[in-house]
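Remarks on the structure that follows.
Numbering (my numbering), first residue to last: 18 to 393.
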């Protein structure tokens, strides 16, 4: 599992803007030629990373800020780095165009002052290989929880980590970064760093838009930004936007309706439509998980399900929401089951750019017609 995760996450990070390259490196750390106060972590956290961190700090004792762009890595090494950051009172920063995922998040959350303009993603702790090590995982989880408590991380942040499966990634929105106390007032002006990185902060919800193009719904109050490597294709019915990658490894669909619906009726219609897509074979539709997700401060319902279509097993990750002031919305990421790791990250990256109109204070939800066109 780890090898596959590292490959897929590395591909995501390669699509993000790279950090400066004209500098000395020590393990995964890069020393800045422009600012002795800044150190960069822009690779996977592997064996001896904590020792490399100490070596880098000995070379640059003036360092006050660690800039992060990493897919995570070894939990033990990340926690050692995190505790060193906490003891030294260093700041942490995820700039626009960068991402800090998995174990990297522990490093970020150790910052005395911290700010994420790029992506911050968390998920459950898992073992070092495909063999499930109950004891080892429990010990690692205990260490992580102790550290996050020491760093003053709120329980809502920990809850999102614990409820997100290892093969998925929960990326915090801009509003969550503020409301949950993840971002803390920086002791230095991060605009200086943005100037050095040539990546100024952006207005959208905490994700870099240098590599994406804006979209705006004609049906509901929705704006977002899609990656330039997405190819737009024609949708049908309520499928307002449909995008896919040229290699068919991932698809993104936005289904919009002006009407609003009850949660249960909405869910039933989604499953009914999935069964239609499987030529009416109910056995070819398998619900894998259901949960709630906070997106822009709203409670979306999330349902993940497999559908066998023409002998091929596809995984759908459907984030759906309905409100009288907005209407009904589904944001669906779909892929072959073998590509579900990368698909989950792609979908979260898109969700981080989402902007919606204000929700209604009072709701009166309607039942959807059984033939509601919601897209598969």
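Glycine included, each C-beta is placed from N, C-alpha and C at the ideal position.
Under the assumption that residue 174 contacts residue 197 (Cβ atoms under 8 Å), give the Cβ distance between them as a whole number of angstroms.
5 Å
Suppose you measure from the CA of residue 121 to the CA of residue 92; what does that come to, to the nearest Å?
9 Å
Flag this pair as touching only if the region 226-241 and the region 343-350 have three or more C-beta atom pairs under 8 Å; answer yes or no.
yes
Delimiting residues of the beta strand (DSSP E) encompassing residue 120
It is not in any beta strand (DSSP E) - residue 120 carries neither H nor E in the DSSP assignment.
Run of the alpha helix (DSSP H) containing residue 290, from where it starts to where it stops:
280-294
Put residue 100 into one of helix, strand or coil per three-state DSSP.
helix
Using 10 angstroms around the beta-carbon of residue 324, count the other beta-carbons present and answer buried if the total reaches 16, otherwise exposed.
buried
When DSSP labels each residue in this structure, what does residue 405 get in the three-state scheme?
The displayed coordinates of the chain run from 18 to 393. Any statement about residue 405 would go beyond what the structure contains.
Any contact between the region 269-277 and the region 298-314? By contact I mean 3 or more CB pairs, one from each, below 8 Å.
no
Distance between residue 159 and residue 77 (C-alpha atoms, nearest Å)
32 Å
Report, in whole angstroms, the separation of the C-beta atoms of residue 192 and residue 314, which I expect to be a contact under 8 Å.
5 Å
Which of the three DSSP states is assigned to residue 230 in this structure?
strand
Using alpha carbons as the reference points, say which of 43, 84, 161 and 65 lies closest to residue 55.
84
Given a threshold of 16 other Cβ atoms within 10 Å of its Cβ, counted over all protein chains shown, does residue 329 qualify as buried or as exposed?
exposed
Are the beta-carbon atoms belonging to residue 335 and residue 368 less than 8 Å from one another?
no
Taking the alpha-carbon positions, what's the residue 166 to residue 233 distance?
41 Å
Going by Cα to Cα distance, which pick from 86, 316, 339 and 305 is closest to residue 332?
305
Residue 248 classed as buried or exposed, judged by whether at least 16 other C-beta atoms fall within 10 angstroms:
exposed
Bridge-paired residues (DSSP) for residue 364:
Answer by DSSP bridge pairing: none, since residue 364 is not bridged.
For residue 373, three-class secondary structure by DSSP:
strand
In the DSSP output, what is residue 244 paired with across the bridge?
Answer is 229, bridged to residue 244.
Should residue 139 go down as buried or exposed, given a rule of 16 or more other Cβ atoms within 10 Å for buried?
buried
From the DSSP output, read off the bridge partner residues of residue 108.
82
For residue 338, list the residues DSSP reports as bridge partners.
Within the DSSP bridge table, the entry for residue 338 names 346 as partners.
Contact defined as beta carbons within less than 8 Å: I believe residue 251 pairs with residue 199. What is the distance between those atoms, to the nearest angstrom?
Incorrect: roughly 39 Å between the Cβ atoms, too far for contact.
Return the chain-ordered list of same chain residues with a C-beta closer than 7 Å to the C-beta of residue 280, the five sequence neighbours on each side being excluded.
318
Can you tell me the Cβ-Cβ gap for residue 260 and residue 339, rounded? I've got them flagged as a contact below 8 Å.
That pair is no contact at about 23 Å.
The beta strand (DSSP E) enclosing residue 73, as first and last residue numbers:
From DSSP, residue 73 is part of no beta strand (DSSP E) but of the alpha helix (DSSP H) over 66-76.
For residue 354, which residues from the same chain have a beta carbon less than 8 Å from its beta carbon, with the 5 sequence-adjacent residues on both sides left out?
323, 330, 331 and 332
Rounded to whole angstroms, what's the CA-CA distance from residue 373 to residue 274? Just pull it up for me.
14 Å
Residue interval of the beta strand (DSSP E) (run including residue 55)
55-58
Express the C-alpha separation of residue 141 and residue 96 in angstroms, rounding to a whole number.
Going from the Cα of residue 96 to the Cα of residue 141 covers about 15 Å.
Inter-residue spacing [alpha-carbon to alpha-carbon] between residue 60 and residue 112:
15 Å
Taking all protein chains shown into account, do 16 or more other C-beta atoms lie within 10 angstroms of the C-beta of residue 108, making it buried, or fewer, making it exposed?
buried
Would DSSP call residue 266 helix, strand or coil?
coil
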